[in-house]
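Chains as they are written, first to last, in this note's numbering: chain A, 441 to 797; chain B, 441 to 797.
Structural data, given as structure tokens:
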């Protein structure tokens with residue numbers, strides 16, 4: 441990578457996240473969008489500007505052939521926004537790393553892949569080290585609110601007894617898929633069955649966040665317990681695509697607790713997701729509490745918005761993934777994310793310059 | 441440094457900070473205290489345990505000869521807690537780096553030395569690079585609350601318009617030196633004269649925090665303006681060493697604003713320091729607000745306590761300073777601080793292992 445040329449970026453994914461990432465990449469100094477990859481065949485071959493509704497042609501066709509794209513576009517870094525699991529992401533990330541391209545991924549499991557896929561994580565780490573590039577997972581949650589911010593605050597602690605981090609958000613703007621995955625509109629009995637069948641999943645990312653905190657602090661967490669309980673509304677509530685009545689489920693209160701070998705709850709993460717929480721006077725927020733010396737409690741309200749912030753993190757971490765040591769990296773192993781206000785090449789130089797290339 | 445042997449630590453300074461740091465180092469797995477250096481001649485030669493009131497002898501005498509100490513103790517890292525300015529710290533840090541010892545310093549100016557002492561900062565960076573070790577400044581403020589946490593939160597922003605960070609604390613427990621430096625007990629006229637004469641200094645660290653934020657985000661700040669205004673009490677207030685009556689000064693409201701070349705205020709840092717703020721219903725807190733996309737607002741109340749947290753940060757960052765690339769580093773250039781709950785050697789391995797030695 442030349443120090444003067446812009447950083448060459450490809451984006452994988454043309455959904456809501458991919459679109460936001462493309463728009464943000466285009467707005468930043470020092471970044472050049474050199475390719476967009478889509479899984480959806482009907483988008484391939486059309487201009488990126490048209491597919492993403494940017495209001496102008498970019499002269500850049502969406503491609504479906506990743507290897508061909510990488511060979512011709514020669515990107516420095518890819519932002520990966522196509523899926524949630526490492527298994528699903530594997531072929532794309534393997535191809536990227538194989539071409540010597542650094543990767544920032546918003547796949548939830550990539551935030552701390554060793555939590556649920558240690559074998560794939562080890563393979564990916566070895567491959568990335570061999571090719572001299574880094575792969576970094578990010579996102580608002582997992583990736584920031586319920587893990588990285590907690591870790592950063594713990595840096596001010598002489599001792600840590602336990603951690604409780606809560607994120608209360610509002611699902612009202614989301615579409616039917618999210619409504620289903622959180623059980624919105626079910627009755628409580630249906631909700632329990634839908635949890636058992638795996639149709640209601642709640643939040644994706646608790647094992648990753650707990651493992652990230654445990655690794656960073658050196659907490660000896662040996663077991664994680666997750667519970668998914670229905671949030672039953674007592675008042676009518678409405679969302680963009682759904683109305684519910686008292687007695688129906690407004691969402692999923694998903695909790696994960698990490699225990700040590702003595703059964704002590706060291707980390708408790710709480711993430712109730714529901715439509716229109718304000719209808720029952722519930723304030724959306726991110727609330728981080730460390731019981732220790734000193735006790736630290738921080739609250740942000742409303743919560744950091746998920747989509748907007750995940751897009752921001754993916755782009756803001758481009759300098760970080762290019763500067764950090766090769767391998768599979770997590771958020772607490774690289775310098776703190778920072779808004780990319782100035783030129784991305786200056787930000788990269790501040791972090792020590794490119795390592796991979 | 442062997443991977444199995446504990447990390448060898450020396451502490452410079454035997455004041456309140458040095459004492460707390462020594463106690464914390466002694467409590468951590470994987471750290472070995474191998475020396476303590478004091479500037480105060482009357483402490484030299486006495487046992488560290490006795491001088492610091494640890495309740496037991498450590499079999500380790502306080503030393504006043506840094507070079508001799510380093511040659512015999514062969515530390516991997518030093519925690520430097522003797523002063524506030526880089527000029528004052530220079531001989532000690534030059535000696536440490538010259539002996540190939542990594543340094544974590546709580547000197548306020550070391551949080552971002554290029555802000556006020558660019559020439560010394562450049563010399564120190566060159567020396568540290570040459571010797572293959574890192575020098576890292578830290579502390580609760582500057583170093584965490586009004587800079588690193590702001591930077592980390594900005595990572596979730598697509599755009600940043602302006603930043604306002606406020607820290608409201610309580611000086612009541614502090615001694616006569618702090619009372620004087622904040623103007624406690626003066627009348628407003630005396631306060632203005634004491635600001636002009638430099639007797640009332642307010643907070644040390646605003647230029648460092650603003651420069652750290654500007655560097656991390658790439659903000660084009662060209663001018664910093666600081667103001668120190670008296671906080672005149674309307675009710676009686678009392679502190680450990682001082683009582684004041686209505687009309688007297690309870691402390692110093694110190695503000696710094698960073699402007700761009702167009703005169704736009706990009707960063708506003710506010711730090712009123714006073715005795716017994718609760719007497720007028722003022723809640724102590726850390727409040728971080730980023731106006732941008734998204735808007736982010738986080739508040740921690742009470743504020744993260746200064747002394748306890750600065751001691752924690754100094755020790756918790758030992759793995760970070762050993763793992764990071766050589767040179768003069770600031771907080772946003774290394775991975776986020778994390779409480780050192782487990783073994784320090786494991787924490788160091790997580791960050792990639794020792795680079796310096």
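Think of the CB as a built atom: it goes at the ideal place given N, C-alpha and C, for glycine as much as any other residue.
Check	Outcome
Chain-ordered chain A contacts of residue 739 of chain B [CB-CB under 8 angstroms]	738, 739 and 740
Contact list for the stretch 739-758 of chain A against chain B, Cβ threshold 8 angstroms	739, 740, 741, 744, 745, 748, 749, 751, 752, 753, 755, 756 and 757
Straight-line gap, residue 668 of chain B to residue 583 of chain B (C-alpha atoms, nearest Å)	21 angstroms
Cutoff 8 angstroms: residue 570 of chain A Cβ touching any chain B Cβ	no
Buried/exposed call for residue 442 of chain A, threshold 16 Cβ in 10 Å	Any answer about residue 442 of chain A is weak, because its pLDDT of 48 lies below 50 and its placement is not dependable; what the coordinates show is given next. So residue 442 of chain A counts as exposed.
Simplified DSSP assignment, three categories, for residue 445 of chain B	coil
Cβ-based contacts, 8 angstroms cut-off: residues of the stretch 773-784 of chain A near chain B	773, 774, 775, 776, 777, 778, 779, 780, 781, 782 and 783
Buried or exposed by the 16-neighbour rule on C-beta atoms within 10 Å, applied to residue 680 of chain A	exposed
According to DSSP, residues forming a beta bridge with residue 603 of chain B	B/707 and B/730
Among A/662, A/678 and A/626, nearest to residue 670 of chain A - alpha-carbon criterion	A/626
Neighbour list for residue 790 of chain B in chain A, Cβ cutoff strictly below 9 angstroms	655, 656, 658, 772 and 773
Short CB-CB distance (under 8 angstroms) between residue 522 of chain A and chain B	no
Near-chain B residues of the stretch 570-596 of chain A (beta-carbon distance less than 7 angstroms), N- to C-terminal order	580, 584, 588, 589, 591, 592, 594, 595 and 596
Ranges of the alpha helix (DSSP H) found wholly within the stretch 489-541 of chain B, counting only runs of at least 4	506-513 and 526-538
Beta-carbon spacing of residue 738 of chain A, residue 740 of chain B below 8 angstroms	yes
Contact set between residue 558 of chain B and chain A, taken where Cβ atoms lie within less than 8 angstroms	The contacting residues do not exist; residue 558 of chain B stays about 15 angstroms from chain A at best.
Environment of residue 793 of chain B [buried if 16+ CB atoms lie within 10 Å]	exposed
Endpoints, the alpha helix (DSSP H) within which residue 679 of chain A is located	No alpha helix (DSSP H) holds residue 679 of chain A; the beta strand (DSSP E) holding it covers 677-679.
Any chain A beta carbon closer than 8 angstroms to residue 768 of chain B	no
Inter-residue Cα distance where the pair is residue 529 of chain B and residue 578 of chain B	14 angstroms
Rounded C-alpha distance that separates residue 748 of chain A from residue 599 of chain B	10 angstroms
Beta-carbon contacts of residue 779 of chain B that lie in its chain and below 8 angstroms, excluding the five residues immediately before and after	752 and 756
Residue 693 of chain A burial status per 10 Å Cβ neighbour count (16 or more: buried)	buried
Outcome for residue 797 of chain B when other beta-carbon atoms lying within 10 angstroms are tallied against a minimum of 16	Reliability fails at residue 797 of chain B, whose pLDDT of 38 lies under 50, so the model's placement of it is uncertain and no value is given.
Residue environment, residue 467 of chain A, which counts as buried when at least 16 other CB atoms sit within 10 Å	exposed
Cβ distance (whole Å) where residue 595 of chain A is taken to contact residue 776 of chain B below 8 angstroms	6 angstroms
Cβ pair residue 588 of chain A, residue 575 of chain A closer than 8 angstroms	no
Residue 658 of chain A versus residue 637 of chain A: straight-line alpha-carbon distance, rounded	35 angstroms
Proximity below 8 angstroms, CB of residue 521 of chain A to CB of residue 546 of chain A	yes
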